[in-house]
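Report on one structure; see the data block that follows.
Numbering (my numbering), first residue to last: 71 to 384.
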């Protein structure tokens, strides 16, 4: 059952981009970074509006049902009569999982006019977007319309560098539109080459990005080593990795990190507290199979500790 919350905690967050299905040899799992972040935000008591586009196939039904079961609105989902709901083929190999992100999926063709209407009626408190859904100019134009319609809302950019679906133009534009940026440590070291910046240590790269793109905060996740951030005042905060962490898989851990960062930013938590809580929640996700907990009970301990109101719908 979804978690119900006191109205005082409700804030609107638009999440733009891909909603898709990971196709394993024996199953199909709903996913995509914007969807995963939205699911967590709903469980935290916020009001996520996922703006995406799906096909008219059975995977659309699977996605929509999952969202309804979680208490999420489906008002931002468009349906495309020509292209399929996004799919990622997951294959097993000696090196673990291999992912093939298919081209020409419905989320590549998000309608800008519909996006403008949804955004104008939402008045978002924050906008979340990434780089993958901008690989096609149609959805790229839709993102531009969203940002034009919500000029005052703070923006979190989640950089996901998935070859071959990014280029300098996409990344540079995204950075110019962002207030907050999340990257992992590998992506951070890739950005200087992509943007033609002089390389340096990771702190220098982060500082240069903040200065060049007038960012408020740059977040860097480092897997088992924890995470750190640098803000516009050059204040650096670090949180260590979780000792004796039980890892089943790391799928979606970064999306959990993003969700807690959004929560903490909207509720005014100090940077050190946001970082510690985001890192701990991401680590907890690594102890379960997949990106989304099967039961809302997974969230209860965090909500209680963070003093967020919860009650279970009957």
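Using N, Cα and C, we set each Cβ at its ideal position, and we do this for glycine too.
Predicted model only: the values in this text are computed from it and were never measured.
- What is the C-beta distance between residue 180 and residue 121, in whole angstroms, given that I count them as a contact (C-beta under 8 Å)? Confirmed, Cβ separation roughly 7 Å.
- Item | Top-ranked residue by Cα proximity to residue 222, from 209, 90, 204 and 247 | Among 209, 90, 204 and 247, the Cα nearest to that of residue 222 belongs to 247.
- Message: Quick check on this structure: which residue in 351, 322, 321 and 138 has the alpha carbon closest to the alpha carbon of residue 35?
- Response: Outside the displayed span of the chain (71 to 384) sits residue 35, for which this structure offers no information.
- When burial is assigned at 16 or more other CB atoms within 10 Å of the CB, is residue 219 buried or exposed? A residue is called buried when at least 16 other Cβ atoms come within 10 angstroms of its Cβ; residue 219 meets this threshold and is buried.
- Please name the residue, chosen from 371, 143, 310 and 183, that lies closest to residue 112 on a Cα-to-Cα basis. Checking every option, the nearest Cα to that of residue 112 belongs to 143.
- Message: What does the alpha-carbon distance come out to for the pair residue 206 and residue 198?
- Response: CA-to-CA, the gap between residue 206 and residue 198 works out to about 18 Å.
- Residue span of the alpha helix (DSSP H) that contains residue 192, given as start and end: Boundaries of the alpha helix (DSSP H) harbouring residue 192: 182–192, taken from the DSSP string.
- Message: Taking only three categories from DSSP, how would you classify residue 262?
- Response: Correct three-state label for residue 262: helix.
- Would DSSP call residue 101 helix, strand or coil? Strand at residue 101.
- Task: Determine, using beta carbons only, whether residue 87 and residue 103 come nearer to each other than 8 Å.
- Result: Against a cut-off of 8 Å, the Cβ pair of residue 103 and residue 87 comes out as a contact.
- Query: Terminal residues of the continuous beta strand (DSSP E) containing residue 198?
  - Reply: Taken as a continuous stretch (DSSP letters only), the beta strand (DSSP E) holding residue 198 covers 196–200.
- Message: Quick test of your reading: residue 183 and residue 155, contact by CB under 8 Å. State the CB separation rounded to the nearest angstrom.
- Response: Contact annotation, residue 183 with residue 155: C-beta distance approximately 21 Å; criterion of less than 8 Å not satisfied.
- Query: Can you round the beta-carbon distance between residue 341 and residue 290 to whole angstroms, since I take them to be within the 8 Å contact cut?
  - Reply: Contact between residue 341 and residue 290 does not hold, since their C-beta atoms are separated by about 13 Å, which reaches or exceeds 8 Å.
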